[in-house]
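Enquirer: Protein sequence lines correspond, in order, to chains A, B and C. Each number in this note's numbering corresponds to the 1-based position in the first sequence with 5 added. Each number in this note's numbering corresponds to the 1-based position in the second sequence with 936 added. Each number in this note's numbering corresponds to the 1-based position in the third sequence with 4 added. Glycine included, every Cβ here is placed at the ideal spot set by N, Cα and C.
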Amino acid sequence: MSQSSQLWANPVWTNLDQIFVLLQHWVEGFFPVWLQPAVGTVLGVIAIVAAFPGIFALTTVLERKGLGRMQNRLGPNRVGPFGILQPVADGIKSLTKEDIVPLTADGVVHFLAPVVLVIAVFLGFAVLPVGRNMVLTNLDAGLLFFFAIGASTELSVFMAGWSSRNKYSLLGAMRAVAQMISYEVPLLLSSVVAVMITGSLSTVKIVEAQSGFTGIFPHWYVFTPWGFAGFVLFVIAALAETNRSPFDLPEGESELVAGYFTEYSGFKFALFFLGEYLGMFSIAGFAITLFLGGWGAPLSVLEIIPSWAWFFAKLLCAIFFFIWLRGTLPRLRQDQLMNFAWKFMLPMSLLNLLVAGAWRFLGDGWLRWIVCSAVLLLAYGLLGRVLMRHQRLGARSYRYAD
Amino acid sequence: MTPLAAFLIVAALVFAIGLAIALTRRNAILVLIGIELMLNAANLNLIAFWRFGTHPEALTGMMFAIFSIAVAAAEAAVGLGLAIAYHRHKKTTDLDAMTRMKG
Amino acid sequence: MIFGLSIVFVLTSILTVAGALAAALLKNLVHCALSLTITFAGLALLYLQLDAQFAGFSQILVYIGAVAILVVFAILLTRGAGIPEYRSFSSSWLAGITISAGVFALLAWAVTKSLSASASSSAAPQVTVQQIGLALMSSYVLPLEIVAVLLTVALIGAVIVAMPESRTPKSESSQGGDR
Chain A
6 MSQSSQLWAN PVWTNLDQIF VLLQHWVEGF FPVWLQPAVG TVLGVIAIVA
56 AFPGIFALTT VLERKGLGRM QNRLGPNRVG PFGILQPVAD GIKSLTKEDI
106 VPLTADGVVH FLAPVVLVIA VFLGFAVLPV GRNMVLTNLD AGLLFFFAIG
156 ASTELSVFMA GWSSRNKYSL LGAMRAVAQM ISYEVPLLLS SVVAVMITGS
206 LSTVKIVEAQ SGFTGIFPHW YVFTPWGFAG FVLFVIAALA ETNRSPFDLP
256 EGESELVAGY FTEYSGFKFA LFFLGEYLGM FSIAGFAITL FLGGWGAPLS
306 VLEIIPSWAW FFAKLLCAIF FFIWLRGTLP RLRQDQLMNF AWKFMLPMSL
356 LNLLVAGAWR FLGDGWLRWI VCSAVLLLAY GLLGRVLMRH QRLGARSYRY
406 AD
Chain B
937 MTPLAAFLIV AALVFAIGLA IALTRRNAIL VLIGIELMLN AANLNLIAFW
987 RFGTHPEALT GMMFAIFSIA VAAAEAAVGL GLAIAYHRHK KTTDLDAMTR
1037 MKG
Chain C
5 MIFGLSIVFV LTSILTVAGA LAAALLKNLV HCALSLTITF AGLALLYLQL
55 DAQFAGFSQI LVYIGAVAIL VVFAILLTRG AGIPEYRSFS SSWLAGITIS
105 AGVFALLAWA VTKSLSASAS SSAAPQVTVQ QIGLALMSSY VLPLEIVAVL
155 LTVALIGAVI VAMPESRTPK SESSQGGDR
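Printed below as a string of structure tokens:
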């Protein structure tokens, strides 16, 4: 083991790393033995319900400030220093707004749609390992559980769009469901490579398999050819699953009013907003777990910093990356979106599976690096060429307002 | 009542309701829903017998149920495709009106 | 414990059967499809109570995530979401109810008659996903390959069946000949 792990074995840093686990055991100590597992689980649930909506509040203000700066404007800066307290103002506004339900809307389904979304999204956090020994349930089929719950969010989108009895809502809901279904397949296939190499569907084991170091560099899957391709495909599919730009045609603000949640106001709209952003966090968390080493430090000398701090730092970097993409890329059209999913991402994910299998059996050494990288780059180049062959890019022309 | 008997009674109930849907409703898509319910009830039977039967480590019941889930999904896709194709021709999904084989 | 069954089981089975009954009795098709989803969720919970985690999660992923969406898409594409232009129940509904009640009575009688003697509940089998994977690759590899071919055939077949027919250009001579 490297020198840094001796540093880390110092009890001060171990306790800091495990501080939340120790806190949980301390609170459990107040209860009788037969009640302790239930109390532990309740504490974990309270931690999730407190932490992730807190990050959501921070993200709303970061996004608006970040987008504003990218668009050469300031963003919210009235409430609190630098607009930090904006989420408080937003929360008060959405809680006190009148809840308008259209007269012909389907009452029960209209009410249940945001509830189903929020329940499904919170359930997805149950198998996310945020630190060493810090996962709510260590399910043997944890990844399958997450993808199953993620597939249930599509149903709530449909319920919202259909129950509003509004053409724009239905159109937005159909677009959103078609998009989510199409990108479900590359999402699952690109995550399968991490499962193949680890040999387990349990998220805890996947993170532990990436926690070794050679020299000072970590064994993260993103630093291998198949892992890098898988990571890129997973992030693109994750953007499409959560309807983030550049895949946000279902909520295209300029053409569909607000897509499937047009007819929602007040607290229900806030619930949809919360559900969408929390979905983004959980899928970003899974991208980090599968490919970026979960709670592991990027360099072995930095293992002193607690594991949960690394996880949330990586999560914040991922959130910033998503906001950056939203401010930079134009929106994809519906058919361009579908073409991209079925004609580019699906073949690439299937090829990635083969490459990961070849990686496993080519033995240690430089040969497998060269072979795998060459195959992936060749496929990317060929597929890109074939798909772009009908696009004629003319000379750039300028149009000025007269 | 043993747990196995309870699970089997629930499965029989869901099967009977699925059969009732398939026999009494007039919409083609609802009949397909009934068929899906019947397949699900059979899956529940399989898994209940796997859990409470002999040799659960052979995984036979669970494997059968997983393959049945896959096949049922494929059958639902084809059946719904048929219903949509028929609707495109005759503009109806009323099963009582689908009395002719001739297109 | 009611009748020797756990309370969780009783609640889940009530949810499942209520969802199935709602799917049978509701007039609005989309409501039927959504109560079908509740039935699927109840069944997934029942699988989880039977220690079949892989089957339970697959049930949620396949049925709720795919089949339910398929059903609602089909309902919307066949314009079933509005007021139906024909009656919901067919004219022979009484015969259908009688048959299904008879089937249920037969099954329930068979279950209670044959299982009244044994009251054993064995220990929960610890099934890991690795065991399932090994079984799929060793004992069940032939069904796996056949299901793969079946799914591909079903995918292509469903697309072909539901694809709109390409319009053949009508010949011009039949229209201008009578002037």
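Over the uninterrupted alpha helix (DSSP H) stretch that includes residue 174 (chain A), give me the two end residues.
Expert: In the first sequence, counting from the first residue as 1, residue 174 (chain A) sits at position 169. 172-203 is the span of the alpha helix (DSSP H), which, as asked, contains residue 174 (chain A).
Enquirer: Considering just the uninterrupted stretch of the alpha helix (DSSP H) at residue 1025 (chain B), what are its terminal residues?
Expert: On the second sequence, position 89 is the one that residue 1025 (chain B) refers to. It spans 996-1026 - the alpha helix (DSSP H) in which residue 1025 (chain B) sits, taken as one unbroken run.
Enquirer: May I have the straight-line CA-CA distance separating residue 62 (chain A) from residue 92 (chain A), to the nearest angstrom?
Expert: The count along the first sequence starts at 1 and reaches residue 62 (chain A) at position 57. The count along the first sequence starts at 1 and reaches residue 92 (chain A) at position 87. Using only the alpha carbons, I get a separation of about 6 Å.
Enquirer: Starting from the C-beta of residue 72 (chain A), find all residues in its chain whose C-beta is less than 8 Å away, skip the five residues before and the five after it, and write them out in chain order.
Expert: Within the first sequence, residue 72 (chain A) is the residue found at index 67, counting from 1. Answer for residue 72 (chain A): 80, 328, 331 and 332, listed in chain order.
Enquirer: Express the C-alpha separation of residue 223 (chain A) and residue 304 (chain A) in angstroms, rounding to a whole number.
Expert: As a working mapping, residue 304 (chain A) is identified with position 299 in the first sequence. As a working mapping, residue 223 (chain A) is identified with position 218 in the first sequence. Cα to Cα, the separation comes out at about 6 Å.
Enquirer: Using a Cβ cut-off of 8 Å, which residues of the segment 980-992 of chain B contact any Cβ in chain C, in chain order?
Expert: Hits within the stretch, in order: 980, 983, 984, 986, 987, 988 and 992.
Enquirer: Note down, in chain order, each residue of its chain lying with its Cβ closer than 8 Å to the Cβ of residue 29 (chain A), except the 5 sequence neighbours on either side.
Expert: Translated into positions along the first sequence, residue 29 (chain A) becomes position 24. Taken in chain order, the residues that qualify are 45, 48 and 49.
Enquirer: Going straight from the alpha carbon of residue 69 (chain A) to that of residue 87 (chain A), what length do you get?
Expert: Here residue 69 (chain A) corresponds to residue number 64 of the first sequence, with the count starting at 1. Here residue 87 (chain A) corresponds to residue number 82 of the first sequence, with the count starting at 1. Their Cα atoms are separated by approximately 11 Å.
Enquirer: For the segment 255-289 of chain A, which residues have a beta carbon sitting closer than 9 Å to at least one beta carbon of chain C?
Expert: Within the segment 255-289 of chain A, no residue qualifies.
Enquirer: Residue 186 (chain A) versus chain C: which residues are under 7 Å apart at the beta carbon?
Expert: The residue labelled residue 186 (chain A) in the question sits at position 181 within the first sequence. Near residue 186 (chain A) (Cβ distances below 7 Å), the residues of chain C are 73.
Enquirer: Is there a Cβ from chain C that is less than 8 Å from the Cβ of residue 152 (chain A)?
Expert: Walking along the first sequence from the start, residue 152 (chain A) turns up at place 147. Residue 152 (chain A) counts as touching chain C.
Enquirer: Which one or two residues does DSSP pair with residue 961 (chain B) in a beta bridge?
Expert: The residue given as residue 961 (chain B) occupies position 25 in the second sequence. Answer is C:93.
Enquirer: With distances taken between CB atoms, is the gap from residue 281 (chain A) to residue 107 (chain A) smaller than 8 Å?
Expert: On the first sequence, residue 281 (chain A) is found 276 positions in, with the first residue counted as 1. On the first sequence, residue 107 (chain A) is found 102 positions in, with the first residue counted as 1. No, the Cβ-Cβ distance between residue 281 (chain A) and residue 107 (chain A) is not below 8 Å.
Enquirer: How close, in whole Å, do the beta carbons of residue 955 (chain B) and residue 103 (chain C) come, if the pair is a contact with beta carbons under 8 Å?
Expert: Taking the second sequence and counting its residues from 1, one reaches residue 955 (chain B) at position 19. Taking the third sequence and counting its residues from 1, one reaches residue 103 (chain C) at position 99. Yes, they are in contact, since the Cβ atoms of residue 955 (chain B) and residue 103 (chain C) sit about 7 Å apart, within 8 Å.
Enquirer: What is the rounded straight-line gap between the Cα of residue 159 (chain A) and the Cα of residue 221 (chain A)?
Expert: Counting from 1 along the first sequence, the entry for residue 159 (chain A) is found at position 154. Counting from 1 along the first sequence, the entry for residue 221 (chain A) is found at position 216. About 42 Å.
Enquirer: With 8 Å set as the bound, which would you pick, yes or no: does the beta-carbon of residue 114 (chain A) sit closer than that to a beta-carbon of chain C?
Expert: Counting from 1 along the first sequence, the entry for residue 114 (chain A) is found at position 109. Yes - at least one Cβ of chain C is within 8 Å of the one on residue 114 (chain A).
Enquirer: Which whole-angstrom value is the C-beta distance of residue 43 (chain C) and residue 23 (chain C), which I expect to be below 8 Å?
Expert: Stepping through the third sequence from its first residue, residue 43 (chain C) is reached at position 39. Stepping through the third sequence from its first residue, residue 23 (chain C) is reached at position 19. That pair is a contact at about 4 Å.
Enquirer: According to the neighbour-count rule (16 or more other Cβ atoms, all chains shown, within 10 Å of its Cβ), is residue 168 (chain A) buried or exposed?
Expert: Looking up residue 168 (chain A) in the first sequence gives position 163. Buried, since its Cβ has 16 or more Cβ neighbours within 10 Å.
Enquirer: So, for residue 105 (chain C): in the same chain, excluding its five sequence neighbours on each side, which residues have a beta-carbon less than 7 Å away from its beta-carbon?
Expert: Numbered from its first residue, the third sequence carries residue 105 (chain C) at position 101. Answer for residue 105 (chain C): no residue qualifies.
Enquirer: Quick check on DSSP: helix, strand or coil for residue 139 (chain A)?
Expert: The residue you call residue 139 (chain A) lines up with position 134 of the first sequence. Residue 139 (chain A): strand per DSSP, three-state reduction.
Enquirer: I think residue 161 (chain A) touches residue 121 (chain A), with their Cβ atoms under 8 Å apart; what is that distance to the nearest whole Å?
Expert: As a first step, residue 161 (chain A) must be located in the first sequence, where it is residue number 156. As a first step, residue 121 (chain A) must be located in the first sequence, where it is residue number 116. Between residue 121 (chain A) and residue 161 (chain A) the Cβ distance is about 4 Å, and since that is below 8 Å, they are a contact.
Enquirer: When you compare the CB positions of residue 299 (chain A) and residue 215 (chain A), do they come within less than 8 Å of one another, or not?
Expert: Here residue 299 (chain A) is taken as the residue at index 294 of the first sequence, counted from 1. Here residue 215 (chain A) is taken as the residue at index 210 of the first sequence, counted from 1. In contact: residue 299 (chain A) and residue 215 (chain A) (Cβ atoms closer than 8 Å).
Enquirer: Which word fits residue 322 (chain A), buried or exposed, when buried means at least 16 other C-beta atoms lie within 10 angstroms of its C-beta?
Expert: Along the first sequence, read from residue 1 onward, the residue named residue 322 (chain A) stands at position 317. Answer is exposed; the Cβ neighbour count stays below 16.
Enquirer: Which residue marks the beginning of the alpha helix (DSSP H) containing residue 282 (chain A), and which one marks its end?
Expert: Along the first sequence, one-based indexing puts residue 282 (chain A) at 277. Where residue 282 (chain A) is concerned, the enclosing alpha helix (DSSP H) stretches over 272-296.
Enquirer: Residue 169 (chain C) by DSSP, collapsed to three states: which one?
Expert: Here residue 169 (chain C) corresponds to residue number 165 of the third sequence, with the count starting at 1. Reduced to three states, the DSSP call for residue 169 (chain C) is coil.
Enquirer: With contact counted as at least three CB pairs below 8 Å, one residue from each stretch, are the segment 342-358 of chain A and the segment 204-214 of chain A in contact?
Expert: With the cut-off at 8 Å, the segment 342-358 of chain A and the segment 204-214 of chain A do not touch.
Enquirer: Just checking: is the beta-carbon of residue 68 (chain C) within a distance shorter than 8 Å of some beta-carbon in chain B?
Expert: Taking the third sequence and counting its residues from 1, the one referred to as residue 68 (chain C) is at position 64. For residue 68 (chain C), the answer is no, since every Cβ of chain B falls outside 8 Å of its Cβ.
Enquirer: So residue 971 (chain B) contacts chain C; which residues on that side make the cut at Cβ distance below 7 Å?
Expert: As a position in the second sequence, residue 971 (chain B) is number 35, starting the count at 1. Ordered by position in chain C, no residue passes the 7 Å Cβ test against residue 971 (chain B), which lies about 11 Å from the chain.
Enquirer: Between residue 239 (chain A) and residue 292 (chain A), is the Cβ-Cβ spacing less than 8 Å?
Expert: Here residue 239 (chain A) is taken as the residue at index 234 of the first sequence, counted from 1. Here residue 292 (chain A) is taken as the residue at index 287 of the first sequence, counted from 1. Going by C-beta atoms, residue 239 (chain A) is nearer than 8 Å to residue 292 (chain A).
Enquirer: Please work out which residues of its chain come closer than 7 Å, Cβ to Cβ, to residue 89 (chain A), disregarding the five sequence neighbours upstream and downstream, and give them in chain order.
Expert: The sequence position of residue 89 (chain A) within the first sequence is 84, counting from 1. Excluding sequence neighbours, residue 89 (chain A) sits near 66.
Enquirer: Are the Cβ atoms of residue 345 (chain A) and residue 388 (chain A) separated by less than 8 Å?
Expert: Residue mapping note: residue 345 (chain A) aligns to position 340 of the first sequence, counting from 1. Residue mapping note: residue 388 (chain A) aligns to position 383 of the first sequence, counting from 1. No, these two residues do not count as a Cβ contact at 8 Å.
Enquirer: Going along the segment 196-214 of chain A in order, which residues come within less than 9 Å of chain C, judged by CB to CB distance?
Expert: If the cut-off is 9 Å between Cβ atoms, the segment 196-214 of chain A has 204, 205, 206 and 207 near chain C.
Enquirer: If you drop the 5 nearest sequence neighbours on each side, which residues of the same chain put their C-beta closer than 7 Å to that of residue 247 (chain A)?
Expert: Here residue 247 (chain A) refers to the residue found at position 242 when the first sequence is read from its first residue. Taken in chain order, the residues that qualify are 281, 284, 285 and 288.
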